[in-house]
Every structure is written in structure tokens, then in C-alpha cells.
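In what follows, a structure is listed as C-alpha cells, so that the remarks can point back to it.
There are 4 protein chains.
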Amino acid sequence: MTPDASDGPGAPSEAGAGAERPLRADARRNRARVLAAADAVFAAKGTGASTEEVAREAGVGIGTVFRHFPTKEALLTAVLVDRLRRLAEDAEAQAGAADPGAVFFAFFARVVEQGRTKNAFTDVLHEAGVDVTAATAEYGKRVRAAVAELLARAQRAGAVREDVGVAELLALMAGVSRAAERAASDGEVRAKALAIVFDGLRPRP
Amino acid sequence: MTPDASDGPGAPSEAGAGAERPLRADARRNRARVLAAADAVFAAKGTGASTEEVAREAGVGIGTVFRHFPTKEALLTAVLVDRLRRLAEDAEAQAGAADPGAVFFAFFARVVEQGRTKNAFTDVLHEAGVDVTAATAEYGKRVRAAVAELLARAQRAGAVREDVGVAELLALMAGVSRAAERAASDGEVRAKALAIVFDGLRPRP
Amino acid sequence: MTPDASDGPGAPSEAGAGAERPLRADARRNRARVLAAADAVFAAKGTGASTEEVAREAGVGIGTVFRHFPTKEALLTAVLVDRLRRLAEDAEAQAGAADPGAVFFAFFARVVEQGRTKNAFTDVLHEAGVDVTAATAEYGKRVRAAVAELLARAQRAGAVREDVGVAELLALMAGVSRAAERAASDGEVRAKALAIVFDGLRPRP
Amino acid sequence: MTPDASDGPGAPSEAGAGAERPLRADARRNRARVLAAADAVFAAKGTGASTEEVAREAGVGIGTVFRHFPTKEALLTAVLVDRLRRLAEDAEAQAGAADPGAVFFAFFARVVEQGRTKNAFTDVLHEAGVDVTAATAEYGKRVRAAVAELLARAQRAGAVREDVGVAELLALMAGVSRAAERAASDGEVRAKALAIVFDGLRPRP
DNA sequence: CATGAATGAGGCTTCATTCAT
DNA sequence: CATGAATGAAGCCTCATTCAT
């Protein structure tokens, strides 16, 4: 793992900076298609899936994948960062909503439900709690902050125990997501496991 | 991936069948060494580790590995089965102990703690809950039964909610193990996450 | 990089055809820049250097390189031809000078010294002696003629043995250049090796 | 160029040490075949030739090449070392012969003649003079020593100028070999070029 | 039985060349 | 005309698996 395998400071289109050339229209389209394909393929078959399969899924040549992501590791990192970004945006979108308790548990459940199919999404959650690489650090922080906000509001509303911290919350989200993913076929088991964790999170009466 | 690439129902020496020759003494020794090495290597580096590394760790030639486990998948399955066996034996050993509640939670905690270093152990737990392959089915059932017994006793003793089933329990064990594994460096986070789940498992006062 | 990367005689205008349009001003400028960049890059990193690197060094797009030189081989040939042209011009410039002996040896030394940094220049010299391709043939002949003239004058002045021909002279220039290039760090070794060859070229007393 | 791309301290069979396992009979045979094939292929097509072609020429699978030489660079280095070894042995074999002058010039001529087809042999000679890598250092020294001995004896016998050193001698051998290689088709040119250098090496009358 | 050499399919990556913008 | 994105063949290397020793 080279330390600098990132795709640069975020996708060109979203880095506020602007130093990166804006990328031609078709190039941007292809980059997005490759990223989406990579997300799907790696989710379905694990990170061991071949780059060639990503290319095939994206409907582009193998060279195109490597033009946008010069390394397989860079591609994996980009997928990770993208997931973190979506997660952060999702959490941020809930920040102002009413009924913080309901919002908090709904967010938790949604994360778990998504993680069920998006396999490695759970690993992403871990990143948010630990901030491993420089590339993911930025978005990891954002996720952490947004989730912390949801948690704090839910606690203030008396819906969640006061002694719960973000770290263990993220760890639990990741863990339950992974568990849910395995028990994929049985929705009831998933629901019950989630209910148990939710009960554990609520204040003791 | 053939679903049934196992080495047979467990090591030849323990299958009820009996048609399998009993294996020479040195052969048995080698099989055990390979299995132990595989467990260690796959735990440390993931299932992507090379067969050759397993052979090196075991101190045998590569040919020996393939003589005992004709496929890498067979080797992985054998490791899985072995883990399930140890897990079942561990649970079975607690069956008669006093204070079923304490025993139950201690077992849960021990599983999580082991899973922390034995990475894929968590995946094993899933197998126990789902019984994917024919190979793991037997030991999966045994684990399930042993854990069910521990759970039932704890419930009878009033230490665990009545509406918790084995399926979600195993799922939670797997999930928390995974969470613990990620938060490897932070023991406090691990403890808190575990406490939350334990609280969720206890009867509402 | 190269002092004289002009487009001059060597531009498309020399293909017997003559139907080639005279090239727009900016196009001519770009062609020269690409050629100079290619000379520098191939000299520094060998002919294995990528076309893209040439484009970068020239400050143009990759498409521009291929517009002017439809093939990498065409680009290499153009560099070769350009070097031959400069070599010929250098030799021709000395044709009328006084003290033909000194001029001859100075020219030899200069070629070797240039070849030391301009790596493949030595290969160029060979081309001059052998006229491999049709493309280099013309300038190869010119170099040969110019060097032959320098040699003849030196021989007439009694500074060089009568039995030395152009062919072996060019071969020696190429060889010593190559040797010098390897012994790059040790100027004294280079000087001594050159002195030995020079002594071999002088008439026996 | 990783510093440690060597094949180890020489081919196992020839390192006096003996710590390296002796290599099975068939393995040794294959290693030799690969090395010979590599020598031939790289000589004929340059170091850019593909490893696959070496394998084909050797009549082995691609994996076999990489088993013996874990990197293309390692393979190239091994070829280099082997050439140096043969060169050293050749020179050492002449050490005791009568008529040191004749022996010296014959050796020089033979080196050049071999270098003519063995393209990169010339580059090898350079290594002998410079000792670039640790891998070639050992044999480079041996070549240097053996050639120095031949030179010293020739000088003592009055056949070679006193002021010639090994460094420039090796440089000249490399250079003339390269020149000869280019003038491949014309034996007379080669002979004349060699004669000129020989004259330069002889004492002035 | 144990060993490790041989094998070759498959993965990642580079790069000359083409073509839409 | 200039640009740079797209393409895919080809190269290096890894690794599961087979088989002679």
C-alpha cells in the first residue's frame, strides 16, 4: 500500500479548489461509469474482483479504467471515498429534521440495510471511525462529524443513552451491517438483531 | 467454486465412515501442522494468502499441502470446519456450569475477543447460522445446538430476554466480532460496544 | 534542448513528392518543438521512452506528436535524420579551414565528446557508415562525403595514414563514442583511449 | 533498478560456498537452458526482448523462467554475470602462455569478434571497467584482474606501450566491439579498424 | 508419502495509436 | 489543426495445481 494511492484530492468535480482541469464532458461521464461499475463489482465479488471485470461492467476498455485510476488500489480508494461521501451527505441531510430520535434510528437502519448489499460498505464505516489513509481521512472526518451530530441530537432528545460515543456507534453500525449481510436471506433475523442493538442504545427506563 | 470441495466430512480420522485408511502417523502429524499453519496464515493475511506461504509456515513442501487438501478451497473449508469444531467444543464445555447468565455473557465475550485476532472467525460464525455448504453443515449444526443450549439456560435463569432466538444471537456475535476486529486498537470502544449489545439482550426491567 | 532543432531542410519538403503543403507557421513551430523534445528525451532515457513523455517535454498534446510523425518509428527516424544533418553541417563547416590535421582530430574528438551525452548519437554514426534505411540514406551520404573530405585533406597534409578509409574511420568514431559514453565519469580514461586511437591513425614515423 | 536484483551470489553450482541447496538435476539443467536462451535472445533482439520469447527459446514454460530468475532484471543480470565469467575464464586460461604479445592481441581480437554477434557483450565489458552493481562486481573484478595480467605480460615483453592502463584498454575493447558489431557485414572494415587500434597500442619505434 | 520443479492461465499495468471534441 | 480521452495488444509477474524425482 503506497501511502499516496489516492485519486487526488477528491474527484475533480467536487474539489472546491479548482486547480484540476475540469475534465472533458465525456471523460467525466466515463469516470463516473467506471466508479459506479467498480462499486457494484467490488460489492458483489469482493475487492479481489479483476479490473477487467470492472471495465466490462462499465462498458469501457481496460485502458480507460487505468487512465482515470492509475492503480487498482487507487480505484479501490476512490470507491471508498465515494461511499464515504454519500454516507456523509446522507447524514448531513438529516441534521435539521424534527424528531431526532426517529431520525437517528432510521439512519442506523438505512445504513445497515444498504450495507447488506453493498458488502464493503461496512468496511467503509470502519474507516470513518479510524481514518486510516490520508485519502479517506477527509471524508472519514465528515462522516464522523455528521453522525456525531445525529447522535448528539438524539441524546439531547432523550432517545439515546448519554454514555454512547461516536466511536462505538460507528463500530456497531459496521458490525451489524456485516452481520446483516451474512443473514441476507432472512429479513426477520436482521430485524430482530437490529431491535436488540436499538434496545441497548436506548436509555434504561 | 464447487459447493462441496471439502476434504470429506472432517478429517478422515474422525468421519464415521471408516473407509478412509487411518493415515500413517507422520501423515496425520503433517495434516495437523498444515491445518494449524493455514489457520494462522489466513487469519493474519486473509484468504488471499498463497498456498505456498501456508506450506512454508507449516515447514512442509507445497506438494504435501495439496496431498492433504486437494484444493485451496478444500483447505479453506477445512480451516472453517476446524474453527467450528473448536467453537462447538467450547460451548459444549460450558453446558453444565452454574450461573447460566454469567456463562452466557462470558462465552459471548470470549467469542468476540477471539474473533478480534482470528479475523475470519467472524465469517465462521455466520456459517454456523446459515449452514451454507454441506461440508460445514455438520459442525454448524453442532455449534448452533450448543449455543442454543447456553442461550436457553440463560433465558430460563432470567438473564436474557425471552424473545431472543439463536439465529439473531449468532448474527450479533458475528457482527460484534467484526466490529471489534476493526476497533482493534481501542479496547474501550470494544468494551462499550459489547456493553450496549449486552444491555439489549437483557430483559427490560 | 538541442541548440539547432530547426525544421529547416528535413521538413516534409524533402520527400521527393513536393505536393506537401508548406505547413502553417504554428504547425512548423510545433514540429520543431516535438523534434527537439524527442531528441532530448530519447538521448536521456533511450529509445524506449514513451511518446507521451516526448509530448509532455514538448508542451504539446499527444495527438500533435502523431500528427507530425505518424509513428513512433517515424519520430525516431526524424531524430536520426536531424542528427545526421547537424553532423554533416558541422563537418562541412570545417572543410575549408587551415591545418587540416588539427581540424580532423578536433572533429573526431568533438564527435566523441558529444556522443558521450547524446547517447544514441553513436548509433547515428553507424547509420552514416551503413545507410540502412531509405530515410537516412540521403543524410548518411552527406555525412560520409563531408567526413571523407576532412579525412582526405588530413591525409594530404601528412597527418593521417594513407591506408585509412572512411568506413573504418566512421566505425571507430562510433565505437569510441560508445566507449566514452560508458566511461562517462572518468575523463582521463576517455582521453587516454582517444590518444591511443589517434596514435593508431597517425603515419608511422 | 533495485539493488538486490541478483540471482543470489552467483549460480548455485559455482559458488564455492555451498550454502545454497544444490538444485535438483533437472532444475539445474533447466536453469542452464534458460540462461543460454536468454543470452541468445537478448543478444539477437536486445534487452527489450520479452521474457516469453526466452521461455519459448528455452523450451520451458514462462513460470520456469520466473522460478529461476524472479525478475526480468535478475535474468539480465545473470546473463551479464555469466558473460563476465566466461570472459574471465578465457583470459585466465591464457595467463601462462608463451609469446605474451601475440596472446594479448589475439585475445583482444577474439573479444571483438565475439562481441560482434553477442551484441550486449560490449556493455558487459564496460561493466568490467566500472563495476556497477554488487552482482557483477565479483566477476567484474576477476575480468579486470585477468586482463590486467595479460596486459602486464605483453608490456613486459615490449609488445605494448608502457603508458596503457587496464581502464582504457577495457574501454577500447568495448568500443571496438561495438564498432565491429555495426560494421557486421564488412569483415575488411572490421579488420582495418582493429589494425588501427593495435598500432595505437604498440610502442612507438 | 514428501518434495519442489514445471506449468500456464489470469491479473495488473504500460503504451502506441485512433478519434471525437 | 490541437487536444487528450479511449482503446486493446503485449509485457511482467503470481499462484493454484500437476507430476517427476
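Protein chains in written order, with our numbering: chain A, 756 to 960; chain B, 756 to 960; chain C, 756 to 960; chain D, 756 to 960.
Think of the CB as a built atom: it goes at the ideal place given N, C-alpha and C, for glycine as much as any other residue.
This structure is a prediction, so every number in the text was calculated from the model and none was measured.
CB-CB under 6 Å to residue i, same chain, minus the five flanking residues each way: which ones, in chain order?
i      : result
A861/C : none
A810/D : I817 and V820
D886/B : Confidence in D886/B is poor, its pLDDT being 49 and thus under 50, which makes the residue's placement unreliable; the coordinate value appears in the next sentence. A892 and G895, listed in sequence order.
A813/C : R788, V789 and A792
E847/A : A901
P960/D : none
A850/B : E904
A972/A : Only positions 756 to 960 of chain A appear in the structure, and residue 972/A is not among them; the question remains open.
Please go through the same chain and pick out, in chain order, the residues whose beta-carbon is closer than 7 Å to the beta-carbon of residue i, but skip the five residues on each side of it.
i      : result
L956/A : V915, R916 and V919
V921/B : R899, V902, A903 and L906
L927/A : V952
Q910/D : E917
A843/C : Y894, R897, V898 and A901
Taking the continuous alpha helix (DSSP H) assigned at residue i, which residues delimit it?
i      : result
G818/C : I817 to H823
Q910/D : A889 to R911
G962/B : Within the shown structure, residues of chain B are numbered from 756 to 960, placing residue 962/B beyond reach of any answer.
D954/A : G942 to L956
Using C-beta distances below 8 Å, list every residue in its chain close to residue i, excluding the 5 sequence neighbours before and after it, in chain order.
i      : result
E808/C : V796 and K800
T806/D : I817, V820, F821, K827 and L830
G942/A : none
A946/D : none
V815/A : N785, R788 and V789
A852/A : V858
Report the CB separation of residue i from residue j in whole angstroms; it is logged as a contact under 8 Å.
i      : j      : result
L790/A : D837/A : 6 Å
P855/A : R908/A : 4 Å
G913/A : G930/B : Actually they do not touch by this definition, with Cβ atoms about 26 Å apart.
P949/C : A864/C : Looking at the sequence provided, one finds Leu at residue 949/C rather than Pro. Correct: roughly 6 Å between the Cβ atoms.
V867/B : A935/B : 5 Å
R841/D : R933/C : That belief does not hold up - the Cβ atoms of R841/D and R933/C are roughly 22 Å apart, past 8 Å.
Any alpha helix (DSSP H) of 4 or more consecutive residues that is wholly inside the stretch 773-859 of chain B: Correct list: 780-800, 806-813, 817-823 and 827-849.
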